[in-house]
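Here the sequence shown stands for residues 90 to 350, where the numbers follow the working numbering.
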Amino acid sequence: AEYMGHIEPISIEGMRNRSKDDRLNDNECNALQKLSGQINWVATHTRPDLVFDSCFLATHIKCPTFADILFANKIIKKLNSDRLQLKFHALDLRSLKIVCYCDAANANLDDGGSQGGFIIYLGDQYGSVNPIAWQSKRIRRVVRSSLAAETLAFTDALDAVIEITTIIQEVFSMTENQCPVKFYTDNQSLVDCIKTSKAPTEKRLKIDIALIQEYLKSNPLSTISWVGSKGQLANCFTKHGSSSDGLLLILDEGRIPETST
90 AEYMGHIEPI SIEGMRNRSK DDRLNDNECN ALQKLSGQIN WVATHTRPDL
140 VFDSCFLATH IKCPTFADIL FANKIIKKLN SDRLQLKFHA LDLRSLKIVC
190 YCDAANANLD DGGSQGGFII YLGDQYGSVN PIAWQSKRIR RVVRSSLAAE
240 TLAFTDALDA VIEITTIIQE VFSMTENQCP VKFYTDNQSL VDCIKTSKAP
290 TEKRLKIDIA LIQEYLKSNP LSTISWVGSK GQLANCFTKH GSSSDGLLLI
340 LDEGRIPETS T
């Protein structure tokens, strides 16, 4: 909170008559780069609701315009208006589980790229959850469909889940498969490809789907389920204007609502 209190927007006094497409001078570029770094630190450590905005701003740092200063200042306004503190609730250590929401937006970036994101919670059988990891980043290659974007975003989430599960098992002396994982996605085609013999039309996806299937087969307590768009808690990690109200409510109360399960 003390660090966030020292983050100031870039003054636009004397710039109000400039076009949004105007390129920035060296001093303005340095100021924007510094502010972008500050926003990224906050989003990475304490404000998951800002992680997509931070990532989007970072993609414009190489050739910034006046519009990027306005966008960065808008993020600071949101940061200051929605004061948020992460709360970590007590969990039953005998019934730990992982809950992961994964999402992607196909071709929503300026150059046709796609954005993927996820949030991972550590919870227990009584419904309490705490956020332990989140991410929003550009998907590693250009894709042709929503299914492809969702699949690649899911594999990134799966990598993070495997690492976190391994750490939890070592810390709490758990046996393998003792910590179940629940994955949620709002893409029904992805669920169908994973749960059935339905093959994706893109041959490049077959390997990624097979990897996911192999993981679920070797971890019988782990599942993947479809969740409606309104219950998708990772929406704000991949899209402009997506509401983060549900995400912020869970961070405050430590419980996932029924609409998201």
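Note that beta-carbon positions come from the ideal geometry of N, C-alpha and C, so glycine has one too. Note that this is a predicted model, so its numbers are computed, not measured.
Can the beta-carbon of residue i be found less than 8 Å from the beta-carbon of residue j?
i, j, result
"Ile128", "Leu146", "yes"
"Ile228", "Gly202", "yes"
"Ala249", "Gln224", "yes"
"Val218", "Ile339", "yes"
"Ile410", "Phe243", "Missing from the structure shown is residue 410; the chain here goes from 90 to 350 and no further."
"Phe272", "Cys189", "yes"
"Asp138", "Leu322", "no"
"Leu305", "Ser311", "yes"
"Ile96", "Ala161", "no"
By Cβ distance, which residues of its chain are closer than 7 Å to residue i, with the 5 residues on each side in sequence left out?
i, result
"Asp341", "Lys176"
"Thr135", "Leu175"
"Ala246", "Cys189, Cys191 and Phe207"
"Gly205", "Ala193, Lys226, Ile228, Ala238, Leu241, Ala242, Asp245 and Thr327"
Output needed for residue i: all residues of its chain with C-beta closer than 6 Å, excluding positions within five of it in sequence on either side, in chain order.
i, result
"Phe155", "Arg107, Lys109 and Asp111"
"Asn308", "Asn266"
"Gly320", "Thr348 and Ser349"
"Asn195", "Ser203, Ser235 and Ala238"
"Thr148", "none"
Name the residue from the options whose alpha carbon lies nearest to the alpha carbon of residue i.
i, options, result
"Val316", "Glu291, Asp275, Ile301 and Leu294", "Asp275"
"Ser143", "Ala179, Val250, Val131 and Leu113", "Val131"
"Leu124", "Pro153, Val188, Asp138 and Lys295", "Pro153"
From what residue to what residue does the beta strand (DSSP E) around residue i run?
i, result
"Asn324", "Careful: Asn324 lies outside any beta strand (DSSP E) and carries neither H nor E."
"Val218", "Val218 to Arg227"
Please return the same chain residues whose Cβ sits closer than 8 Å to the Cβ of residue i, not counting the five positions on each side in sequence.
i, result
"Ile221", "Ile209, Tyr210, Leu211 and Ile253"
"Ser184", "Asp213, Gln214 and Tyr215"
"Ile187", "Ile209, Tyr210, Leu211, Gly212, Val250, Ile253, Thr254, Ile257, Cys268, Pro269, Val270 and Lys271"
Could you pull the start and end residues of the alpha helix (DSSP H) that residue i belongs to?
i, result
"Ser314", "First-last for Ser314: Thr312 to Trp315, but that is the beta strand (DSSP E), not the alpha helix (DSSP H)."
"Lys167", "Phe155 to Ser170"
"Val260", "Ser235 to Val260"
Is residue i a contact residue of the ligand FMN, with contact defined as CB to any heavy atom under 7 Å?
i, result
"Trp315", "The ligand FMN is not part of the structure shown, which contains no ligands of any sort."
For the putative contact between residue i and residue j, defined by C-beta atoms under 8 Å, what is the C-beta separation to the nearest angstrom?
i, j, result
"Ile158", "Ile101", "7 Å"
"Leu294", "Thr240", "5 Å"
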